[in-house]
Amino acid sequence: PEQALFALRGGLELFANLRPVSVHPALASSAPIRRDLLEGVDLLIVRELTGGLYFGRPSEERRTPTGRVAVDTLRYSESEIRRVVRLAFELARGRRRRVTQVDKANVLASSRLWRKVTEEVHADFADVALEHRLVDAAAMLLISRPAAFDVIVTDNLFGDVLSDCASMLTGSLGMLPSASLGAADGSGRRKALYEPVHGSAPDIAGRDIANPLATLLSFAMMLRYSFDDEDGAALVETAVKNVLDQGLRTADILQPGMQKVSTTGMGDALLRELDKLTH
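With my numbering applied, the sequence shown corresponds to residues -14 to 264, in that order.
Set out below in structure tokens:
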């Protein structure tokens, strides 16, 4: 399934993956992080999606006279870096105007190119603050001071890992939506794909226990980014907040004293809440 997804993203030329991470107050006690560290957490991870280690060639296992050898290739072009970094700066302008570029520049040549290109792009965004962090330091800060981040921009591999780590701030992968965006056309429209960060979870298929909230929040992102419908996006997000405030929980975010519901039950509750909000 991963290879099929890579092909879909690549075929649609969706180069930027947006993964927002915010903490619903009602779920703060579900996260394995001290509650006081979660105050003010509202960050956006912008992950480069069609280059880097996942797409580099060669990528194979070989037999040699001395044993098996595996090879993966990490390659980035200036243009691949520039377009995703520019998007990150543009998005930061609509937020708190801070960008953190994450890499491993003390070891990797590709990361050093990321830093150079990011600095060049930053020259066009003097109103946005920029900092560079090594990925190991960024991972530690993501857990110890997550509210310090606004927009994180990074490569394919580091973005994949960091965004899954960030799910622990929300209490579950089942709470994280994502948007994959392509280049804007002449009208400003972008090809886009929306999906929950957690994937399809085939191990629990058909059991009516999956958390549907990340999928619904991905729909809210679609309204925002593909249809310019901020009101509609906010309506869906408010419905999710209200249902959580009512104490309804799927198994992955269940807390003592809360009401456990199925996938269907959570979906029905959200429909009822949307009906209330629109009538």
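A virtual CB, placed ideally from N, CA and C, is assigned to each residue, including glycine.
_Do V8 and L23 count as a contact pair if the criterion is CB distance below 8 Å?_
Cβ atoms of L23 and V8: closer than 8 Å.
*Scan the stretch 215 to 247 and note each continuous alpha helix (DSSP H) run of 4 residues or more that stays entirely inside, going in chain order.*
215 to 230, all fully within the stretch 215 to 247.
*Close beta carbons around E(-2), own chain, < 8 Å, minus the five adjacent residues each side*: The residues are T35, G167, A168, K176.
*Please classify P162: is it buried, with 16 or more other beta-carbons within 10 angstroms of its beta-carbon, or exposed?*
With 16 or more Cβ atoms within 10 Å of its Cβ, P162 is classed as buried.
*T200 versus L29 - alpha carbon distance*: Those two C-alpha atoms are separated by around 17 Å.
*So G250 and M243 are in contact, right, with Cβ under 8 Å, and what is the actual spacing, rounded?*
The C-beta separation of G250 from M243 comes to about 13 Å, leaving the pair out of contact by the 8 Å criterion.
*Just tell me which of L142, Q240, N141, R67 has its CA closest to the CA of A108.*
Checking every option, the nearest Cα to that of A108 belongs to R67.
*Which parts of the stretch 86 to 121 are runs of the alpha helix (DSSP H), unbroken and 4 residues or longer, counting only runs that do not cross its ends?*
If only uninterrupted alpha helix (DSSP H) runs of at least 4 residues are considered, those enclosed by the stretch 86 to 121 are 94 to 107.
*Would the stretch 102 to 119 and the stretch 70 to 90 be scored as touching if the rule is three or more Cβ pairs under 8 Å?*
The stretch 102 to 119, when compared against the stretch 70 to 90, does touch it at the 8 Å Cβ threshold.
*Please name the residue or residues paired with N2 in a DSSP beta bridge.*
According to DSSP, which records beta bridges pairwise, N2 is partnered with R32, S165.
*C-alpha distance - R266 paired with D135, whole-angstrom precision*: Outside the displayed span of the chain (-14 to 264) sits residue 266, for which this structure offers no information.
*Taking Cβ to Cβ, would you say D170 is nearer than 8 Å to L158?*
Their beta carbons are not under 8 Å apart, which means D170 does not touch L158 by this criterion.
*Endpoints, the alpha helix (DSSP H) within which R78 is located*: First-last of the alpha helix (DSSP H) with R78: 63 to 78.
*Backbone CA spacing between V102 and T235 [nearest angstrom]*: Looking at the two C-alpha atoms, the distance is approximately 43 Å.
*Just checking my contact of S247 with I194 at CB under 8 Å: how many whole Å lie between their CB atoms?*
In this structure S247 touches I194 by the C-beta definition: roughly 6 Å separates them, less than 8 Å.
_Helix, strand or coil at I189 according to DSSP, with G and I counted as helix_ = Looking at I189 - three-state DSSP - the assignment turns out to be helix.
_Reference R209; option with closest CA among L198, R174, A124_ = Answer by Cα proximity: R174.
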